[in-house]
Amino acid sequence: MSTPTFFDPSTRHGAPDPHRSRARHPDRVVSRARTFIVFGMLGLAVLGSLVGWTRYESRRWQREDLPGLHALTTRLHLSDLALWTEARYTRHPSQADLFSAFQDSPGAPEHFPAGSIVSPSPVLTDPLSVGAPTSRGRLRDAGSDGRRRVCQGDARGAIPEERSLAVGAARDSSFELAFTP
Amino acid sequence: MRRHLKILDFALASLRRRPFKNWAIVAVYAFTVAVVASVLFLTQSIRREAAQLFVGAPELTVQRMVGGRHVPIDLAVGETIVAFPSVVGVEPRFWGYTYDAVTESTITVMGAGPGMATLELVKGRLPTHATECAVGAGVASMWGAEVGGEIILIDAATTGVLYEVVGTFESPSDILTNDLVVMTAEEAALFLGLPEGKATDLAVRVANDNEIDTIAAKVKRAYPDSRPITRSEVLRTYDAVFHWRSGMMLAVFSGGLIAFVILAWDKATGLSAEERREIGILKAVGWDTSDVLELKMWEGVVISLTSLILGLIAAMIHVFILGAPLLTPMLRGWSVLFPELHPTPNVDPYMLIAIGFLTVVPYVAATVAPSWKAAVTDPDAVVRG
Chain A
727 MSTPTFFDPS TRHGAPDPHR SRARHPDRVV SRARTFIVFG MLGLAVLGSL VGWTRYESRR
787 WQREDLPGLH ALTTRLHLSD LALWTEARYT RHPSQADLFS AFQDSPGAPE HFPAGSIVSP
847 SPVLTDPLSV GAPTSRGRLR DAGSDGRRRV CQGDARGAIP EERSLAVGAA RDSSFELAFT
907 P
Chain B
9 MRRHLKILDF ALASLRRRPF KNWAIVAVYA FTVAVVASVL FLTQSIRREA AQLFVGAPEL
69 TVQRMVGGRH VPIDLAVGET IVAFPSVVGV EPRFWGYTYD AVTESTITVM GAGPGMATLE
129 LVKGRLPTHA TECAVGAGVA SMWGAEVGGE IILIDAATTG VLYEVVGTFE SPSDILTNDL
189 VVMTAEEAAL FLGLPEGKAT DLAVRVANDN EIDTIAAKVK RAYPDSRPIT RSEVLRTYDA
249 VFHWRSGMML AVFSGGLIAF VILAWDKATG LSAEERREIG ILKAVGWDTS DVLELKMWEG
309 VVISLTSLIL GLIAAMIHVF ILGAPLLTPM LRGWSVLFPE LHPTPNVDPY MLIAIGFLTV
369 VPYVAATVAP SWKAAVTDPD AVVRG
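Going down the list, the protein sequences come from chains A and B. Per my numbering, the first sequence runs over residues 727 to 907. Per my numbering, the second sequence runs over residues 9 to 393.
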């Protein structure tokens with residue numbers, strides 16, 4: 727019977743078989759594995775070097791460029807990145823109108839490519855954003871113009887808790903909810 | 009240890025028997041990793057850059073809203089706000105846009121109030137007279153303008169106005185200033201057609217960061233038609249825009265992930281007849297099921313680790329050295345004055361580990377699972393098919 731083509735993994739620490747070819751010598755058998763491990767380590771070393779380089783470059787940017795950029799943002803009061811000049815809500819996403827994505831044609835699908843990238847600002851979607859504190863449970867009596875106001879909306883409208891509070895208060899005090907979110 | 013090395017060696021020999029197929033898998037796998045990692049590296053880099061840049065932005069920006077639209081605000085509002093405790097200054101901002109038909113680009117016009125005329129990242133100086141301006145790199149290259157040159161812009165009254173370029177913003181600031189034309193505040197107001205006594209919005213400086221929200225609430229209470237935007241909201245906006253879950257970045261990211269899932273699924277759905285026969289022969293010559301599974305695990309590890317390392321290296325070179333040329337067209341959209349991207353290299357080791365975990369583990373599992381089924385079957389039945 728001829729020698730099997732596959733090596734037997736159960737032969738763990740046996741003495742070298744003199745009848746076996748040079749390629750099957752125990753020290754030679756794992757040569758591919760060692761080569762792979764060496765190349766793997768080399769790849770990891772290159773990867774590690776690149777990560778190290780990114781950290782070095784990041785620190786260099788913070789040390790050399792960032793102070794100048796801070797001076798620029800402070801001096802010119804810059805609030806947005808100059809990336810997309812397609813529309814004002816993509817050029818200044820943080821300063822955009824409340825209806826920014828569809829402001830030019832309500833109900834129309836987004837027609838600027840960058841509009842697909844720019845997701846709505848959390849300012850518009852987070853009920854606990856700025857302006858909210860101003861409307862907490864404030865009840866107003868009828869104004870001089872005769873309109874009866876129950877609560878004052880924040881920058882985006884009323885937040886849900888406030889609206890429910892306002893509705894409850896309106897029922898209790900026979901006020902109408904004059905606020906439209 | 010030696011036993012594991014032997015099985016690894018056998019796994020490598022087994023992979024070498026099907027070189028074309030395995031190199032093709034490595035190529036596709038590495039490309040998928042490179043795409044996913046490129047998106048993550050680029051978005052993370054821009055997010056971090058924005059977070060650090062806008063530390064110098066106004067603590068509070070106050071706009072006036074009419075009919076849901078941002079409209080010019082009275083300068084008198086600033087006089088009220090500056091009297092609030094903790095407010096150290098209010099400066100009106102005069103900014104807006106102008107379309108330049110010659111270059112077919114939209115330019116952002118900004119007024120620079122009184123202050124230092126020279127800045128580190130400005131070659132030349134900021135304008136001090138109504139006939140002067142400083143321009144960003146995009147505008148400068150579009151007009152071929154340098155310091156000492158001239159540009160003509162169309163103002164709100166559709167009159168062409170000639171400005172002398174006295175400064176250009178240098179390259180590291182492209183991401184902030186690429187499409188900017190900076191004029192004196194008075195000239196910007198005139199150019200943009202802002203009514204007398206009004207500004208685009210107000211930049212409010214607050215001494216104590218903890219009081220920014222309180223000041224915003226006070227402003228809102230005093231001026232119900234105002235919209236205060238805090239600096240933290242600006243930072244959160246950019247965090248959301250460049251989060252991997254947002255918009256097209258998600259599309260690219262999920263496309264890459266789906267490609268990877270298909271690749272892994274293809275592996276998981278079964279073995280080829282040749283692979284099944286190989287497992288049967290191994291079992292027949294005395295290999296344990298655990299040995300066969302370890303062999304398949306090593307095959308998976310060899311392919312996935314090789315692909316992971318190649319993909320990550322390719323992604324870093326693509327994003328941080330080449331400036332993400334494959335992703336820029338998607339980011340650019342219809343922007344004429346899109347800055348050249350030089351993402352600040354920044355890689356979070358946690359992200360590398362996450363990418364590795366998300367790709368290596370499923371692939372190895374998808375390699376081992378079908379082999380286990382073949383390995384526990386009677387070798388004779390496996391070999392005979």
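Glycine included, C-beta positions come from ideal geometry on N, C-alpha and C.
Rounded distance between the beta-carbons of residue j and residue i, thought under 8 Å
i: VAL36/B; j: LEU271/B; result: 6 Å
i: GLU219/B; j: SER94/B; result: 5 Å
i: TYR171/B; j: GLU154/B; result: Their Cβ separation, rounded to whole angstroms, is 14 Å, which puts TYR171/B and GLU154/B out of contact at 8 Å.
i: ILE115/B; j: ASP187/B; result: 6 Å
i: LEU20/B; j: PHE762/A; result: 6 Å
i: THR238/B; j: ALA224/B; result: 6 Å
i: PRO353/B; j: GLU790/A; result: No, PRO353/B and GLU790/A are not in contact; Cβ-Cβ is about 14 Å, not under 8 Å.
i: LEU809/A; j: PHE346/B; result: 7 Å
i: TYR371/B; j: SER312/B; result: 4 Å
i: SER234/B; j: GLN71/B; result: 7 Å
i: PHE199/B; j: ASP221/B; result: Not quite, the Cβ-Cβ distance comes to about 34 Å (not below 8 Å), so this is no contact.
Within-7 Å CB hit, residue i to chain A
i: SER181/B; result: yes
i: MET305/B; result: no
i: HIS137/B; result: no
i: VAL249/B; result: yes
i: SER343/B; result: yes
i: ALA211/B; result: yes
i: THR51/B; result: no
i: ASP233/B; result: no
i: THR245/B; result: yes
i: GLU140/B; result: no
i: ASP395/B; result: Limits of chain B in this structure are 9 at one end and 393 at the other, which puts residue 395/B out of reach.
i: TRP380/B; result: no
i: VAL242/B; result: yes
i: ALA374/B; result: no
i: LEU366/B; result: no
C-beta atoms of residue i and residue j nearer than 7 Å
i: ILE287/B; j: VAL300/B; result: yes
i: GLY104/B; j: VAL117/B; result: yes
i: VAL212/B; j: THR176/B; result: no
i: ALA759/A; j: LEU16/B; result: yes
i: ALA145/B; j: LEU134/B; result: no
i: THR811/A; j: SER343/B; result: yes
i: SER46/B; j: ALA323/B; result: yes
i: VAL98/B; j: GLY86/B; result: yes
i: PRO180/B; j: HIS803/A; result: no
i: LEU265/B; j: ALA38/B; result: no
i: THR245/B; j: PRO819/A; result: yes
i: LYS304/B; j: SER379/B; result: yes
i: LEU48/B; j: PRO351/B; result: no
i: GLY308/B; j: THR367/B; result: no
i: VAL183/B; j: LEU807/A; result: A quick correction: the sequence has Ile, not Val, at residue 183/B. In this structure, LEU807/A lies closer than 7 Å to ILE183/B by Cβ.
i: VAL355/B; j: VAL764/A; result: no
i: THR799/A; j: GLY152/B; result: no
i: ASP823/A; j: ARG77/B; result: yes
Any chain B beta carbon closer than 7 Å to residue i
i: ALA771/A; result: no
i: VAL764/A; result: no
i: ARG801/A; result: yes
i: SER820/A; result: yes
i: SER775/A; result: no
i: LEU807/A; result: yes
i: ARG789/A; result: no
i: GLY794/A; result: yes
i: MET727/A; result: Low per-residue confidence applies at MET727/A: pLDDT is 40, beneath 50, and the placement is therefore not dependable, though the value from the model is reported in the following sentence. So no, MET727/A is outside the interface.
i: ARG758/A; result: yes
i: LEU804/A; result: yes
i: LEU768/A; result: no
Neighbour list for residue i in chain D, Cβ cutoff strictly below 9 Å
i: LEU301/B; result: Checking the listed chains, one finds no chain D in this structure; the protein chains it contains are A and B.
* Asked: Taking a cut of 8 Å between CB atoms, which residues from the region 345 to 361 of chain B lie near chain A?
  -> For the region 345 to 361 of chain B, the set of positions with a beta-carbon nearer than 8 Å to some beta-carbon of chain A reads LEU345, PHE346, PRO347, THR352, PRO353, ASN354, VAL355, PRO357 and LEU360 in chain order.
* With 9 Å as the C-beta to C-beta threshold (strictly closer), list the residues of the region 57 to 73 of chain B near chain A in chain order. => Answer in chain order: GLU57, ALA58, GLN60, LEU61, PHE62, VAL63, GLY64, ALA65, PRO66, LEU68, THR69, GLN71 and MET73.
* Members of the region 101 to 126 of chain B that neighbour chain A once the beta carbon cut-off is set at 7 Å -> ARG101, TYR105, SER113, THR114, THR116, MET118, ALA120, GLY123 and MET124: these are the residues of the region 101 to 126 of chain B whose beta carbon lies less than 7 Å from some beta carbon of chain A, given in chain order.
* Proximal residues, the region 305 to 329 of chain B versus chain A, C-beta separation under 7 Å -> Answer set for the region 305 to 329 of chain B: VAL310, LEU313, ILE317, LEU320, ILE321, MET324 and PHE328.
* Asked: Of all the beta strand (DSSP E) runs that stay within the bounds of the region 99 to 147 of chain B, which reach a length of 3 or more residues?
  -> Scanning the region 99 to 147 of chain B from its first residue to its last, the whole beta strand (DSSP E) runs of 3-plus residues come out as 103 to 108, 113 to 120, 130 to 132 and 140 to 143.
* Note down, in chain order, all residues in the region 69 to 99 of chain B with a beta-carbon under 8 Å from any beta-carbon belonging to chain A. => So the close ones are THR69, GLN71, MET73, GLY76, ARG77, HIS78 and GLU99.
* To do: Select from the region 262 to 290 of chain B all residues with a C-beta closer than 8 Å to any C-beta belonging to chain A, and list them in chain order.
  => Flagged, chain order: ILE289 and LEU290.
* **4-residue-minimum alpha helix (DSSP H) runs that sit fully inside the region 290 to 345 of chain B, ordered along the chain** => Listed in chain order, the alpha helix (DSSP H) elements of length 4 or more contained wholly in the region 290 to 345 of chain B are 297 to 324 and 336 to 340.
* To do: Pull out every residue of the region 175 to 199 of chain B whose Cβ sits closer than 9 Å to any Cβ of chain A, in chain order.
  => So the close ones are PHE177, GLU178, PRO180, SER181, ASP182, ILE183, LEU184, THR185, ASN186, ASP187, LEU188 and VAL190.
* Every unbroken alpha helix (DSSP H) inside the region 150 to 221 of chain B [4 residues or more] -> List check, alpha helix (DSSP H) in window: 182 to 185 and 193 to 200.
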